[in-house]
Amino acid sequence: MDSFSNPNQAMQPQPATGLSMNIGGVLPVKNLNQLHAEEKAQAESQNNRSYITNLSGHIRTQWDIMRTAKMQTVEPRLLQCMRQRKGEYDPERLSAIKQQGGSDIYLMLSANKARAASSWIRDVLSSTDGPLPYTLDATPVADLPPNKIQEAYATMRQELAQAEALGIIPSPQELEEYVEARKQMIVNDLQEEADEAITRMKRKMDDQLAEGGCTSEFGKFIDDLSTFPYAVMKGPVVRKQKTFKWVPGAAGDYVLSQADELIPTWNRVDPFMLYWAAHSTNPDDGDLIERHRLSRYDLNALIGVEGYSDIAIRAVLDEYGRGGLREWLWIDAAKSQAEGKHISSVMQNPEGLIDALQYWGSVQGKLLIEWGIDENQVEDPLAEYQIEAWLLGNWVIKAMINPDPLSRKPYYKTSYEEIPGSWLGNSPMDLVRDCQDVCNATARALVNNMGISSGPQVWVNVDRLPPGEQITQLYPWKIHQTTSDPMGASAPPVGFFQPNSLAGELMGIYEKFSVLADEYSGIPRYMTGDAAAGGAGRTASGMSMMMNNAGKTIKQVIANIDRNVITPMIDRQWFHNMKYSDDMELKGDVKVVARGASTLMIKDVAAQRRNEFLQLALNSPIAQQIVGMEGTAHLMREQAKTLDMNADKIVPAPEIVKARSAVQQAQMMVQQQAQMMQQGAQPQKGPVSPSNQQLMDGTPTTDNFSPMRMQ
1 MDSFSNPNQA
11 MQPQPATGLS
21 MNIGGVLPVK
31 NLNQLHAEEK
41 AQAESQNNRS
51 YITNLSGHIR
61 TQWDIMRTAK
71 MQTVEPRLLQ
81 CMRQRKGEYD
91 PERLSAIKQQ
101 GGSDIYLMLS
111 ANKARAASSW
121 IRDVLSSTDG
131 PLPYTLDATP
141 VADLPPNKIQ
151 EAYATMRQEL
161 AQAEALGIIP
171 SPQELEEYVE
181 ARKQMIVNDL
191 QEEADEAITR
201 MKRKMDDQLA
211 EGGCTSEFGK
221 FIDDLSTFPY
231 AVMKGPVVRK
241 QKTFKWVPGA
251 AGDYVLSQAD
261 ELIPTWNRVD
271 PFMLYWAAHS
281 TNPDDGDLIE
291 RHRLSRYDLN
301 ALIGVEGYSD
311 IAIRAVLDEY
321 GRGGLREWLW
331 IDAAKSQAEG
341 KHISSVMQNP
351 EGLIDALQYW
361 GSVQGKLLIE
371 WGIDENQVED
381 PLAEYQIEAW
391 LLGNWVIKAM
401 INPDPLSRKP
411 YYKTSYEEIP
421 GSWLGNSPMD
431 LVRDCQDVCN
441 ATARALVNNM
451 GISSGPQVWV
461 NVDRLPPGEQ
471 ITQLYPWKIH
481 QTTSDPMGAS
491 APPVGFFQPN
501 SLAGELMGIY
511 EKFSVLADEY
521 SGIPRYMTGD
531 AAAGGAGRTA
541 SGMSMMMNNA
551 GKTIKQVIAN
561 IDRNVITPMI
571 DRQWFHNMKY
581 SDDMELKGDV
591 KVVARGASTL
601 MIKDVAAQRR
611 NEFLQLALNS
621 PIAQQIVGME
631 GTAHLMREQA
641 KTLDMNADKI
651 VPAPEIVKAR
661 SAVQQAQMMV
671 QQQAQMMQQG
681 AQPQKGPVSP
691 SNQQLMDGTP
701 TTDNFSPMRM
711 Q
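Next comes the structure, spelled out in structure tokens:
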């Protein structure tokens, strides 16, 4: 089975036949329908192979199991969170409220907490150095390649030859110190090269994140995090997109040309569209299926992308391109209704969307053999092989072994509050749901009580009303006509009483549970600008202390994002570039450390300390000698970035600063040599030791500079 034998190659279409030149020199001509029929027959022959049909059945079985499990527990909870965020009752509860009569008011307590959580997370994760808050670090000590060692030997021989020409002969101790200093200089130069490679890699990755839509999709991910029990990001996924480039024209000028380009992309995964095995706790812990709704444009964009079968995609477009294909589920109608969409238009599928199942799962090698794969392609029948397959109706448009060497899936999941051992966590909607219900009940009772107690209640003895008397309206100066009591009783025919107002008591209950919502969610109301914070909140320092204490909860949320989403996502992007990028300058002795969110929690303090250190470097002569021009330029460049300035226009590039420093050092050396020649000073000469001579020959005796020691 060649689609599984090569991790980077899926089912490949066979060459088209029927258009070759025959012996008589006549070219057979076929119309478009005949060509389509041949292409479809070829696609059906490929799709009907035993291992493809068996794989299709396996995906269907897993899909039924995962869909049933999610339908029973997860999907009702997702709908509940969505309606709670929008400020709507569940249909069953709304029906019960209307049967009782009165108000159906819904207070937007949960929506306010969700907005505050999203804004708070965005503020903490805001980065002035790229689309996402992360950093890349080089290894502590870079390896010395052999060519660098030889260059170092050549440089030392040249410098010692120049010194001998000037009559300067170093002693053995001076020579050893010189070799050690030269070694340290080379190590520093290599470390600078590694840092420059890190900078280039960071710049490239930031550009990829921006072009791949990561910034906007990450914002949607944050909204999901503050609404649903889990939120998921996905990427990098290579997709074909149309781009514009300036290319040389016929007249020697440049013209704008449109081209298709394969670029890595990222997207937020709809929580309703992801299904997982019952035992899973994270995306890499078991089988996974993502349900897609693809348009004809989306399918056409997959043609030509490595790993997809072009023939199968064209067959899908031919079979479902007009009417579409829907894996219709009850959750689709419920979700559309919760989103405010018209259900009938969704069920009719006017856009002709085609549902696709993207399967990620572990398959035993023995099962792959039973599906028809060559036994030579399966090293161990009892081993597990991670595969990716796309199923559209009866068509498998992609089937390949997961190309990731660690068999990781490109999905990253986290929750506002993680629950160990569970895929589902708690969102702010879950944390404040009880408080929201009590506040809603209190608000309904308050509105009903206010309506009842807004005026007097009237009772009337209808036996004493004259014929035609209206008793349905009450207005000032109304005259009530009555007859005499036939029983001779003295009871009045009309009476008034005022219902009690319970507004104060109900407002107290509401206030108590709204405060509990602050405590349960970890998002106090003063974080959204409420000025009613008493006690310590009346002073600036007290308010700062309260906000720092409240930030402890959000720090845990940020840590979840950093550990479960940003770190693995950036690490996978780095691996993608290291494996597929043709730019060799981006590759080297580099270790990736994605830190991002956790380090941004102290960004204000770090900015203050950075400014203090910069002032010390600028104002202290001793610090200037230690840091040097290059170090000072680096500090100024980093400080300019925090001020949202163009650092390249303010501080020269490191190469320019280094060149200026080299020119100044050369000028100083020329001046010193000129002064020595004018004064007639003769340097002290010493004998040429064996060590010196061996170094001049390129074979130093000390092992301080050997490749083994340097590595």
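Going letter by letter, the sequence shown gives residues 1 to 711 in this note's numbering.
Beta carbons are placed, not taken as given, at the ideal position from N, Cα and C, and that holds for glycine.
Practice item. Go through its chain and collect everything with a Cβ distance to E174's Cβ below 8 Å, but skip five positions before and after it. Key: Here residue 174 corresponds to residue number 174 of the sequence shown, with the count starting at 1. Around E174, the same chain offers no residue with a beta carbon nearer than 8 Å, after the five sequence neighbours per side are excluded.
Practice item. Classify Y412 as helix, strand or coil using the three-state DSSP reduction. Key: Along the sequence shown, read from residue 1 onward, the residue named residue 412 stands at position 412. Looking at Y412 - three-state DSSP - the assignment turns out to be strand.
Review point. Of all the options W120, S422, I387 and A250, which has the alpha carbon lying nearest to the alpha carbon of N402?
Key: Your numbering for residue 402 matches position 402 in the sequence shown. The shortest CA-to-CA distance from N402 to any of W120, S422, I387 and A250 is the one to I387.
Exercise for review: Look at D224 and R268 and say whether their C-beta atoms are less than 8 Å apart.
Suggested key: For the purposes of this step, residue 224 is identified with residue 224 of the sequence shown, where counting begins at 1. For the purposes of this step, residue 268 is identified with residue 268 of the sequence shown, where counting begins at 1. When the beta-carbon positions are compared, D224 and R268 come within less than 8 Å of each other.
Review point. By DSSP, does L27 sit in helix, in strand, or in coil?
Key: Here residue 27 is taken as the residue at index 27 of the sequence shown, counted from 1. The pLDDT assigned to L27 is 45, lower than 50, so where the model puts this residue is not dependable; a value taken from the coordinates is nonetheless given after this. In the structure shown, L27 sits in coil (DSSP, three-state: anything other than H, G, I, E or B).
Check your understanding: So the beta strand (DSSP E) E261 belongs to, where does it begin and stop?
Key -> As a first step, residue 261 is located in the sequence shown; it is residue number 261 there, counting from the start. In this chain, the beta strand (DSSP E) harbouring E261 covers Y254 to V269.
Exercise for review: Reducing DSSP to helix, strand and coil, say where R322 ends up.
Suggested key: Reading the sequence shown from its first residue, position 322 is the one you call residue 322. R322 falls in the coil class under three-state DSSP.
Check your understanding: So L294 is in the beta strand (DSSP E); what residue range does that whole segment cover?
Key -> Position 294 of the sequence shown holds residue 294. Where L294 is concerned, the enclosing beta strand (DSSP E) stretches over L288 to L294.
Exercise for review: Could you check what DSSP says for I554 in three-state terms: helix, strand or coil?
Suggested key: Walking along the sequence shown from the start, residue 554 turns up at place 554. In the structure shown, I554 sits in a helix (DSSP, three-state: H, G or I).
Check your understanding: Quick one: Cα of L474 to Cα of R464, how far?
Key -> Counting from one through the sequence shown, the residue named residue 474 turns up at place 474. Counting from one through the sequence shown, the residue named residue 464 turns up at place 464. Using only the alpha carbons, I get a separation of about 18 Å.
Review point. Where H279 and W423 are concerned, what is the direct C-alpha to C-alpha distance, given to the nearest angstrom?
Key: For this step, residue 279 is matched to residue 279 along the sequence shown. For this step, residue 423 is matched to residue 423 along the sequence shown. A direct Cα-Cα distance of roughly 9 Å separates H279 from W423.
**Study point:** Secondary structure of T336, DSSP reduced to three states
**Key:** Stepping through the sequence shown from its first residue, residue 336 is reached at position 336. One detail in the question is off: residue 336 reads as Ser in this sequence, not Thr. S336: helix per DSSP, three-state reduction.
**Study point:** Candidates L317, S490, Q470 and D404: closest to Q481 by CA position
**Key:** Walking along the sequence shown from the start, residue 481 turns up at place 481. The residue with the shortest Cα to Cα distance from Q481 is Q470.
**Study point:** N619 burial status per 10 Å Cβ neighbour count (16 or more: buried)
**Key:** Working through the sequence shown from its first residue, we reach residue 619 at position 619. Residue environment for N619: exposed (fewer than 16 other C-beta atoms within 10 angstroms of its C-beta).
Check your understanding: If you drop the 5 nearest sequence neighbours on each side, which residues of the same chain put their C-beta closer than 6 Å to that of A333?
Key -> Here the question's residue 333 lines up with position 333 in the sequence shown. Beyond the five residues adjoining it in sequence on each side, A333 comes within less than 6 Å, by CB distance, of I343 in the same chain, given in chain order.
Point to revise | Helix, strand or coil at I387 according to DSSP, with G and I counted as helix | key: As a working mapping, residue 387 is identified with position 387 in the sequence shown. Reduced to three states, the DSSP call for I387 is strand.
Review point. Count the other CB atoms within 10 Å of the CB of P236; is the residue buried (16 or more) or exposed (fewer)?
Key: Here residue 236 is taken as the residue at index 236 of the sequence shown, counted from 1. Buried, because 16 or more other Cβ atoms sit within 10 Å of the Cβ of P236.
Review point. Where do the ends of the beta strand (DSSP E) carrying W459 lie?
Key: Here residue 459 is taken as the residue at index 459 of the sequence shown, counted from 1. Start and end: Q457 to V460.
Review point. Out of curiosity, what's the CA-to-CA distance linking Q498 and V460?
Key: For the purposes of this step, residue 498 is taken as residue 498 along the sequence shown, with counting starting at 1. For the purposes of this step, residue 460 is taken as residue 460 along the sequence shown, with counting starting at 1. About 15 Å.
Check your understanding: Is I579 helix, strand or coil by DSSP?
Key -> Taking the sequence shown and counting its residues from 1, the one referred to as residue 579 is at position 579. Reading off the sequence, residue 579 comes out as Lys, not Ile. The answer is helix: DSSP assigns K579 an H, G or I state.
Review point. What do you get for Q348, buried or exposed, if any count of 16 or more other CB atoms within 10 angstroms of its CB means buried?
Key: Taking the first residue of the sequence shown as 1, we reach residue 348 at position 348. Exposed, by the Cβ-count rule.
Review point. What's the C-alpha gap between K204 and K245?
Key: In the sequence shown, the residue the question calls residue 204 occupies position 204. In the sequence shown, the residue the question calls residue 245 occupies position 245. Looking at the two C-alpha atoms, the distance is approximately 18 Å.
Exercise for review: Apply the 10 Å Cβ neighbour rule to S731 and answer buried if 16 or more other Cβ atoms are within range, or exposed otherwise.
Suggested key: Beyond the ends of the chain as shown, which are 1 and 711, falls residue 731; an answer cannot be given.
Review point. With distances taken from CA atoms, which of E159, D189 and F228 is nearest P76?
Key: By one-based count along the sequence shown, residue 76 stands at place 76. Ranking E159, D189 and F228 by Cα distance to P76 puts F228 first.
Review point. Just reading off the alpha helix (DSSP H) that G774 is part of, what are its end residues?
Key: Residue 774 lies beyond the range of the chain shown here (1 to 711); nothing can be said about it.
Check your understanding: Exposed or buried, what is D260 when buried is set at 16 or more other beta-carbons lying within 10 Å of its beta-carbon?
Key -> For the purposes of this step, residue 260 is identified with residue 260 of the sequence shown, where counting begins at 1. Answer is exposed; the Cβ neighbour count stays below 16.
Point to revise | Y385 beta carbon less than 8 Å from that of L288 | key: Within the sequence shown, residue 288 is the residue found at index 288, counting from 1. Within the sequence shown, residue 385 is the residue found at index 385, counting from 1. Between L288 and Y385, the C-beta gap is not smaller than 8 Å, which leaves the two residues out of contact.
Check your understanding: Once you ignore the five residues that flank I97 on each side, which residues in its own chain have a CB closer than 8 Å to its CB?
Key -> For the purposes of this step, residue 97 is taken as the residue at position 97 of the sequence shown. Contacts found: Y89, D104 and R444.
Check your understanding: Comparing alpha-carbon positions, which option in A117, R182, P486 and P456 lies nearest P466?
Key -> Position 466 of the sequence shown, counted from the start, is the residue given in the question as residue 466. Of A117, R182, P486 and P456, the smallest CA-CA separation from P466 is found for P486.
Practice item. For my contact list, D355 and L317 are in at a C-beta cut-off of 8 Å; report their separation, rounded to the angstrom. Key: Here residue 355 refers to the residue found at position 355 when the sequence shown is read from its first residue. Here residue 317 refers to the residue found at position 317 when the sequence shown is read from its first residue. The pair is not a contact, with the Cβ atoms about 14 Å apart (cut-off 8 Å).
**Study point:** Spatial distance of Y106 from L94 (CA atoms)
**Key:** On the sequence shown, position 106 is the one that residue 106 refers to. On the sequence shown, position 94 is the one that residue 94 refers to. The alpha-carbon separation between Y106 and L94 amounts to approximately 10 Å.
Review point. In angstroms, rounded to a whole number, what distance separates the CA positions of G628 and R157?
Key: Here residue 628 is taken as the residue at index 628 of the sequence shown, counted from 1. Here residue 157 is taken as the residue at index 157 of the sequence shown, counted from 1. Going by C-alpha positions, G628 is about 28 Å away from R157.
Exercise for review: Run the CB neighbour count on M66, radius 10 Å, all protein chains shown included, and call it buried at 16 or more, exposed below.
Suggested key: Position 66 of the sequence shown, counted from the first residue, corresponds to residue 66. So M66 ends up on the buried side.
Review point. Can you tell which of K409, V232, G307 and Q671 has its C-alpha closest to the C-alpha of A286?
Key: Here residue 286 corresponds to residue number 286 of the sequence shown, with the count starting at 1. The question names Ala, but residue 286 in the sequence shown is Gly. Ranking the options by Cα distance to G286, first place goes to K409.
Exercise for review: Confirm, please, whether the CB-CB distance from G87 to M71 is below 8 Å.
Suggested key: What you label residue 71 is simply residue 71 of the sequence shown in a count that begins at 1. What you label residue 87 is simply residue 87 of the sequence shown in a count that begins at 1. It is not a contact, given that the beta carbons lie outside the stated cut-off.
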